[in-house]
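J.: Chains A and B are the protein sequences, given in the same order. Position 134 of the first sequence, counting from 1, maps to 134 under our numbering, and the rest follow consecutively. Position 265 of the second sequence, counting from 1, maps to 265 under our numbering, and the rest follow consecutively. Every residue gets a Cβ at the ideal spot worked out from N, C-alpha and C, and that includes glycine.
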Amino acid sequence: MNIFVFIKRVPDTESRIRIRDDGRAVAEDGLNFILSPYDEYAVEEALRLKEAKGGTVTAVALGPETALVVLRKSLAMGADEAVLIKDEAAESYDGLRTATILAAYLKAKAGSFDLLLFGKQAVGSDNAQVPSMVAGLLGLPQVNVVTKLEIGDGAGTALREIEGSREKVVFSLPAVVSAQKGLNEPRYETLRGIMAAKKKAIPVLTPAELGLSAEDTASRVEVVRIEIPPARKAGTLVTEPAAEAARRIVAFLRNDAKVI
Amino acid sequence: MILVFLETREGKVKKSSLEALSEGARRAGEMGAPLTAVVVGPFDPAQASGVRALGAATLYHLDSPALERYSSEGFVQALAGLVAEAQPRAVWMSATAMGRDLAPRLAARLKAGLASDCTKIALAGGRLEYTRPIFAGKALMTVALKGEPSLATLRPNVFALGDAKASSGEVVKKAADVDAGAIKAWVEEIQKEQDAALDVTEAEIVVSGGRGLKGAEAFDLLRELAALLLRSAVGASRSAVDAGWIGHAHQIGQTGKTVSPNLYLAFGISGAIQHLAGMLGSKVIVAVNKDPEAPILKVADLGVVGDLFEVLPPLKDEIKKALAE
Ligand SMILES: Cc1cc2nc3c(=O)[nH]c(=O)nc-3n(C[C@H](O)[C@H](O)[C@H](O)COP(=O)(O)OP(=O)(O)OC[C@H]3O[C@@H](n4cnc5c(N)ncnc54)[C@H](O)[C@@H]3O)c2cc1C
Ligand SMILES: Nc1ncnc2c1ncn2[C@@H]1O[C@H](COP(=O)(O)O)[C@@H](O)[C@H]1O
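(1) Would you mind listing the alpha helix (DSSP H) stretches within the region 50-119 of chain A that are 4+ residues and don't spill past its ends, in chain order?
(2) Below 6 Å, is the gap between the Cβ of Tyr38 of chain A and the nearest heavy atom of ligand 2?
(3) Taking 7 Å as the threshold (beta carbon to beta carbon), is Ala324 of chain B in contact with chain A?
(4) Go through the region 197-282 of chain B residue by residue and report every complete run of the beta strand (DSSP E) that reaches 3 residues or more, in order.
(5) Which of helix, strand or coil does DSSP assign to Tyr41 of chain A?
(6) Bridge partners of Glu227 of chain A, per DSSP?
(7) Taking only beta carbons into account, state which residues of the region 29-60 of chain A come closer than 9 Å to chain B, listed in chain order.
(8) With a threshold of 7 Å between beta carbons, is Gly124 of chain A in contact with chain B?
(9) Could you give the DSSP three-state label for Glu240 of chain A: helix, strand or coil?
(10) Give me, in chain order, the residues of the same chain whose beta-carbon lies closer than 6 Å to that of Ala135 of chain A; leave out the 5 immediate sequence neighbours on both sides.
(11) Shorter than 6 Å, the distance from the beta carbon of Arg211 of chain B to the closest heavy atom of ligand 1, or not?
(12) Taking a cut of 9 Å between CB atoms, which residues from the region 288-302 of chain B lie near chain A?
(13) Are the C-beta of Phe118 of chain A and some C-beta of chain B separated by less than 7 Å?
(14) Can you give me the C-alpha to C-alpha distance between Leu117 of chain A and Ser74 of chain A, rounded to a whole angstrom?
(15) Any beta carbon of chain A sitting closer than 7 Å to that of Gly212 of chain B?
(16) What residue range is occupied by the uninterrupted beta strand (DSSP E) comprising Glu73 of chain B?
(17) Does the beta carbon of Ser72 of chain B come closer than 7 Å to any beta carbon on chain A?
(18) Among B:Ala266, B:Met141, B:Asp101, B:Leu228, which residue has its Cα nearest to the Cα of Ala240 of chain B?
(19) Smallest Cα separation from Ile341 of chain A: which of A:Gly156, A:Arg20, A:Ile260?
(20) Is the beta carbon of Pro174 of chain A closer than 7 Å to that of Thr255 of chain B?
(21) Find out if the Cβ-Cβ distance for the pair Asp80 of chain A, Val57 of chain A is shorter than 7 Å.
(22) Residues bridged to Gly156 of chain A by DSSP?
(23) Does any CB atom of chain A fall closer than 7 Å to the CB of Trp245 of chain B?
(24) Check each candidate in A:Asn127, A:Ala245, A:Ala46, A:Leu210 and name the one with the smallest Cα separation from Cys118 of chain B.
(25) What's the C-alpha gap between Phe75 of chain B and Pro314 of chain B?
(26) DSSP state of Ile285 of chain B, grouped into three classes?
(27) State the CB to CB distance for the pair Arg52 of chain B and Ser167 of chain B, rounded to an integer number of angstroms; the pair is presumed to be in contact (CB under 8 Å).
(28) Using the Cα positions of Leu280 of chain B and Ala208 of chain A, report the straight-line distance between them to the nearest angstrom.
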């Protein structure tokens, strides 16, 4: 099994988000960056498949040099190879731009592969676009928001979460799969893994080296503005005993919220 | 022209699709452009009048044996064909599981920009501007998309349903040219979750529980409460999900689902930043927590400082009484 897993460096979910003075970008200074949580499930799934079936796992990140941190983390978890596609452009929020570069990488450098794993969405952009776009650009089947994955001979089965139920999807390989929470429990890095990851060389490529022009990597998304939504204000606080509190809730639902 | 894709389940159009269509009618009206709707695959023709009454001048029904069941590959082929022919300025759909699977693949096919999970759309200086939450709602980003058509998915429960009007719109049934052999992922079976009549993202009322529930049993109390209320569903904090008290399909928050119901009822949830991220878009928040300092009480429209196990039984009785009146 030749598996590629695509990972992104994103601000920690604890982060307080501030907007830059021009009102068009999120201020990055002071933010703590992590491997996007859903991508961690994708890395874990790749490692489990490799352990069961053999093969190699390559982690790929598109982003600035600082994205090396998440590549090192995936190596420390057990990935065999890591590749950085260096891109110092600011966050574009354009999934198709990212997908175009990742698809060009796969065409130019990956040779043959069986499975492309992604997170179901990158925390922050919250786009949930890149996996389906890479699948579309390469003409591969896609299964998104997956909570269970089984890979057989040239084909796979996955459970995908939809409203109130799960779809059981059968697909042929190679395929694109995006991970949802519940797929697995990601492992911790071992000390040995961390030491080995530090020594491992991580090749760095650029979009130009993948044959992409400036036009190919132009963003279709023009950010008009980014705002912090007005904070919600605390409303009424009830401290009466339970029976009275229950009456107050119902009166509120009826007269103020008008939901019953 | 604005083209709105209507999602159907068992031939019926989803409510969230009608919300997207209603927003299409409002913006198309401002643009002086026609509104067009499209359904793909099985469709109950009795549904057409409701769609036309919301303002669709044309309703396309694309049909082919390969479209009996949903597949992103089949639906993209059908829709790309229609887009090439109709040349819409914008293509919208609801940000449901299907919409989020389909829209990006369609965008890749059309080489178009896509704004995911929008909560507001406006016409500014003659172009469409899409507003969408980023960082799970900690910030709101407004974007314009270069080139046409621009694609967007619209978050369910956010856009108001339009008023039904008399309509002279037409229904155009077309045989879609779909190569079934090119479809490499198929839904083999749909497994209903025993627990979820309605998904939290679609519910108008979400009754949520956290670690304060102390166990799986207490979620039955929340299910009983939800059962009294129309279009409601049970949600949970990540702590409750990680403890195995309820399935992760119910998790609300930054690594769960984002909801914007009319009412969010929170029991025994502290209100960590990652949880708030998923529910601050609720129209009304009511929280019960025994700790007066709990952050959730700082964002609740009505906060009750008390023990949820003491509040729940009389609350159920009072709601029953109110509903009986
Ligand atoms: C990367 C990351 C992603 C995360 N994503 C999410 C997410 O998507 N969703 C999410 O919810 N969390 C998420 N979290 C976890 C989050 O930080 C909190 O740990 C979690 O939300 C806490 O859940 P809780 O409120 O149920 O539990 P607690 O914080 O333990 O709160 C329990 C509350 O119950 C109250 N209580 C106890 N007993 C009673 C009683 N008898 N009556 C009334 N009140 C009572 C207590 O006063 C307390 O306020 C994430 C964390 C990380 C690091
Ligand atoms: N810059 C990137 N580098 C590598 N993978 C990415 C990048 N951006 C997105 N992805 C992958 O695509 C998934 C969905 O991202 P998004 O469409 O931005 O929500 C992520 O979870 C990653 O697996």
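T.: Looking at the coordinates:
(1) Runs found: 68-77, 95-109.
(2) If you number the first sequence from 1, residue 38 of chain A lands on position 38. Yes - ligand 2 has a heavy atom lying nearer than 6 Å to the Cβ of Tyr38 of chain A.
(3) Your numbering for residue 324 of chain B matches position 324 in the second sequence. Interface flag for Ala324 of chain B against chain A is unset, since no Cβ pair is found closer than 7 Å.
(4) 205-209, 232-236, 263-267
(5) Reading the first sequence from its first residue, position 41 is the one you call residue 41 of chain A. Residue state, collapsed to three classes: helix.
(6) Residue 227 of chain A sits at position 227 when you count from the first residue of the first sequence. In the DSSP output, where bridge partners are listed per residue, Glu227 of chain A has B:Leu140.
(7) Pro37, Tyr38
(8) Here the question's residue 124 of chain A lines up with position 124 in the first sequence. Closer than 7 Å: yes.
(9) Numbered from 1 along the first sequence, position 240 holds the residue referred to as residue 240 of chain A. Coil.
(10) On the first sequence, position 135 is the one that residue 135 of chain A refers to. Correct list, in chain order: Gln142, Val176.
(11) Within the second sequence, residue 211 of chain B is the residue found at index 211, counting from 1. For ligand 1, at least one heavy atom lies less than 6 Å from the Cβ of Arg211 of chain B.
(12) The region 288-302 of chain B vs chain A, Cβ under 9 Å: Val288, Pro292, Leu297, Lys298, Val299, Ala300, Asp301, Leu302.
(13) Numbered from its first residue, the first sequence carries residue 118 of chain A at position 118. Chain B, which has no Cβ nearer than 7 Å to the Cβ of Phe118 of chain A, makes this no.
(14) Taking the first residue of the first sequence as 1, we reach residue 117 of chain A at position 117. Taking the first residue of the first sequence as 1, we reach residue 74 of chain A at position 74. Looking at the two C-alpha atoms, the distance is approximately 13 Å.
(15) Locating residue 212 of chain B in the second sequence gives position 212, where the first residue counts as 1. Judged by the 7 Å Cβ criterion, Gly212 of chain B is not in contact with chain A.
(16) Looking up residue 73 of chain B in the second sequence gives position 73. Premise fails: Glu73 of chain B lies in the alpha helix (DSSP H), 72-86, not in any beta strand (DSSP E).
(17) In the second sequence, residue 72 of chain B corresponds to position 72, counting from 1. It does; some Cβ of chain A falls within 7 Å.
(18) Taking the second sequence and counting its residues from 1, the one referred to as residue 240 of chain B is at position 240. The residue with the shortest Cα to Cα distance from Ala240 of chain B is B:Ala266.
(19) Absent from the model: residue 341 of chain A. The displayed extent of chain A is 1 to 260, so no value can be given.
(20) Position 255 of the second sequence, counting from 1, holds the residue named residue 255 of chain B. Position 174 of the first sequence, counting from 1, holds the residue named residue 174 of chain A. In this structure, Pro174 of chain A does not lie closer than 7 Å to Thr255 of chain B by Cβ.
(21) Here the question's residue 80 of chain A lines up with position 80 in the first sequence. Here the question's residue 57 of chain A lines up with position 57 in the first sequence. Going by C-beta atoms, Asp80 of chain A is nearer than 7 Å to Val57 of chain A.
(22) Counted from its first residue, the first sequence places residue 156 of chain A at position 156. Paired residues: A:Ile151, A:Phe171.
(23) As a first step, residue 245 of chain B is located in the second sequence; it is residue number 245 there, counting from the start. It does not: the Cβ of Trp245 of chain B has no partner Cβ on chain A nearer than 7 Å.
(24) The sequence position of residue 118 of chain B within the second sequence is 118, counting from 1. With distances taken between Cα atoms, Cys118 of chain B lies closest to A:Asn127.
(25) Position 75 of the second sequence, counting from 1, holds the residue named residue 75 of chain B. Position 314 of the second sequence, counting from 1, holds the residue named residue 314 of chain B. Distance between the alpha carbons of Phe75 of chain B and Pro314 of chain B: 50 Å.
(26) One-based indexing of the second sequence puts residue 285 of chain B at position 285. If DSSP states are grouped into helix, strand and coil, Ile285 of chain B belongs with the strands.
(27) On the second sequence, residue 52 of chain B is found 52 positions in, with the first residue counted as 1. On the second sequence, residue 167 of chain B is found 167 positions in, with the first residue counted as 1. Contact flag correct, Cβ pair sits at about 4 Å.
(28) In the second sequence, counting from the first residue as 1, residue 280 of chain B sits at position 280. In the first sequence, counting from the first residue as 1, residue 208 of chain A sits at position 208. The alpha-carbon atoms of Leu280 of chain B and Ala208 of chain A are separated by roughly 42 Å.
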